[in-house]
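Engineer:
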Amino acid sequence: MLNLDRRQFLAAAGAGGIVSLGAGAQVLAAESGAPKPRKRVLRLAHLTDVHVQPELNAAKGMAACLEHVQGQGDKPELILFGGDCIMDSFGQTRARTQTQWDLWHKLLQDHCSLPWEGCIGNHDVWGWSKSRSGATGEEKEYGKQWATDALRMTHRYRSFQRAGWKFIVLDSTHPGPQPETYTAKLDNEQFDWLTAEVAGTPKTTPILILSHIPILSASPFLDGLNEKSGDWQVPGAWMHIDARKLIGLFHEHGNVKICLSGHIHLADRVDYLGTTYYCNGAVCGGWWKGKYQQFGEGYALVDLYDDGTTACEYITYGWKA
Ligand SMILES: [Zn+2]
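In terms of the working numbering, the sequence shown opens at residue 280 and continues consecutively.
#1: Which value, in whole angstroms, describes the spacing of the CA atoms of THR415 and GLY350?
#2: Where TRP598 and GLN573 are concerned, what is the direct C-alpha to C-alpha distance, given to the nearest angstrom?
#3: How many angstroms separate the CA atom of PHE470 from the CA atom of SER451?
#4: Please return the same chain residues whose Cβ sits closer than 6 Å to the Cβ of ASP586, not counting the five positions on each side in sequence.
#5: What three-state label does DSSP hand TRP383 in the structure shown?
#6: Going by C-alpha distance, which of HIS544, GLY541, ILE537 is nearest ASP550?
#7: CB HIS330 to CB SER368, shorter than 8 Å?
#8: Does the beta-carbon distance from ALA579 to ASN559 come in below 8 Å?
#9: To the nearest angstrom, how far is it from the Cα of ASP582 to the Cα of SER410?
#10: Just reading off the beta strand (DSSP E) that GLU396 is part of, what are its end residues?
#11: Taking one C-beta from the region 353 to 368 and one from the region 393 to 402 each time, how about it: are there three or more such pairs within less than 8 Å?
#12: Note down, in chain order, each residue of its chain lying with its Cβ closer than 7 Å to the Cβ of TRP566, except the 5 sequence neighbours on either side.
#13: Buried or exposed: where does GLU346 fall if 16 or more other Cβ atoms within 10 Å of its Cβ makes it buried?
#14: Relative to ligand 1, is the shortest distance from any of its heavy atoms to the C-beta of HIS453 smaller than 7 Å?
#15: Excluding the 5 residues flanking LEU465 on each side, which residues of the same chain have their C-beta closer than 7 Å to its C-beta?
#16: Is DSSP giving TRP444 helix, strand or coil here?
#17: Any idea what DSSP makes of VAL306, helix, strand or coil?
#18: Apart from the five residues on each side of it in sequence, which residues of its chain come closer than 8 Å, Cβ to Cβ, to SER438?
#19: Could you pull out every unbroken alpha helix (DSSP H) segment of at least 4 residues lying fully inside the region 529 to 560, listed in chain order?
#20: For the alpha helix (DSSP H) holding HIS347, just list the boundary residues, first then last.
#21: Which residues share a DSSP beta bridge with PRO454?
#22: From the DSSP output, which residues share a beta bridge with ASP582?
#23: Can you tell which of LEU552, HIS530, MET341 has its C-alpha closest to the C-alpha of ALA600?
Written as C-alpha cells, this is what we have:
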C-alpha cells in the first residue's frame, strides 16, 4: 500500500480524477463518491495557565499574549481559557484573590476584543486550603463559585454549540485523598451529565472537550522526577484518575474528536482510539520566571473542520521573563 493516509488519498483522487493506486484503492474511491474537501469552520486560540498576578510582569505578559493572538494574520474567532487564570486562590486570602481577579478582568477589558469561554483550574478554586486562605467554607464565593462567576459561567461545567461543533467544558478539580489537596476527576453527577451530553449529541456533530487537567497526556510523566522510585508514579492531581472511564465513554460514542487541557505547563499530543488529546503548555511558561523545562510561554491555535478533523499548533509569543 502506498504511504498515503485516507485524506491525502481522497485529495489525490479528487485532484487527478483518475485513480491508479491499485484495485483496492479504486474500490475505496468508488465507495467514497466524489471527495469533498474539508472546510475549516472555526479557528480558536487555547490559552491555558495564565496565572496572572501583580508580580513578575505577569500582567504585561498576559496583555502581550492577548495582543499576539489578536495580531495573527489568520486570526482566531474565539479564545478558550484553560483554567489557572490567576496565580492562586486555593490557598490565598479573600483580599489576595480579589486582587488577582481584578487584574484578570482589567486585562480582558483592555486587551481582548474576542469572545471567550473558560474552564476552572485548581488554582482558581478559592479557599480549599482553609489553613492558608483563612476561608471558613461558609462564604458565598467559597470553592468554585468565585471562578464560576469570574469566568461568566452558568455552571461549573456546561456545554454549548458553535460552528457545527459541540463544546463541553469540564470541571476537573475535586477534593483529594488528603486534607487540602485535590484530585483530577469528574464527580458522579458531572460524569452522568457528560454521558448524557455525549450520548445525546448526533454522531454527525463532532465534540471538543475543554478541561483544565489532562484526561490523557504524556507530559505528566515528565513533570517532576516521577521515575525516581524505579517505577513511574504519576499523581492523580496531574492527570484525570478517571481517564479509563472517560476514554471508554468517548470510544463508545466515537464523536469526541479533541480534548484540550493545560495544568502541566508542558505541551504534547496523544492520539488514542480516535480522540486527539492536546496538553497545551502555559501562557505563563514557568510561572512567569521563564521557560518551563523546554517549553516557552505560549498558547495554541486550534482549527476545527466540518468533517470532525482538527489541527493544533503551540505558538510562543516571544515573552522575555
Ligand atoms: Zn493547574
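Backbone N, C-alpha and C fix where the C-beta goes; we use that ideal spot for every residue, glycine too.
Structural biologist: The structure says:
#1: Straight across, the Cα-Cα distance linking THR415 with GLY350 is about 44 Å.
#2: In a straight line, the C-alpha of TRP598 is about 14 Å away from that of GLN573.
#3: If you take the alpha carbons of PHE470 and SER451, they lie about 11 Å apart.
#4: Cβ-Cβ distances below 6 Å link ASP586 to ARG317 in the same chain, with the five nearest sequence neighbours on each side left out; the list follows chain order.
#5: TRP383: helix per DSSP, three-state reduction.
#6: Closest by alpha carbon: ILE537.
#7: Using a Cβ distance threshold of 8 Å, HIS330 and SER368 do not count as a contacting pair.
#8: The answer is yes: Cβ separation under 8 Å.
#9: Rounded to the nearest angstrom, the two C-alpha atoms are 43 Å apart.
#10: Per DSSP, GLU396 belongs to the beta strand (DSSP E) from 395 to 397.
#11: Three or more Cβ pairs drawn from the region 353 to 368 and the region 393 to 402 lie within less than 8 Å of each other, which places the two stretches in contact.
#12: Only residues of its own chain outside the window of five on either side were considered, and among them HIS330 have a CB closer than 7 Å to the CB of TRP566, listed in chain order.
#13: Looking at its Cβ environment, which holds fewer than 16 other Cβ atoms inside 10 Å, GLU346 is exposed.
#14: In this structure, HIS453 has its CB at a distance of at least 7 Å from all heavy atoms of ligand 1.
#15: Within the same chain, and ignoring the five residues on either side of LEU465 in sequence, the residues whose Cβ sits closer than 7 Å to its Cβ are LEU449, LEU473, ASP521.
#16: Strand at TRP444.
#17: The pLDDT assigned to VAL306 is 44, lower than 50, so where the model puts this residue is not dependable, and the model offers no usable value.
#18: Excluding sequence neighbours, SER438 sits near LYS445, PHE446, ILE447, VAL448, GLU476.
#19: With a minimum length of 4 residues, no continuous alpha helix (DSSP H) run stays inside the region 529 to 560.
#20: For HIS347, the enclosing alpha helix (DSSP H) starts and ends at 337 to 349.
#21: Answer by DSSP bridge pairing, in chain order: TYR461.
#22: Note: ASP582 sits in a beta bridge opposite ARG322, ALA590.
#23: The shortest Cα separation from ALA600 among LEU552, HIS530, MET341 belongs to MET341.
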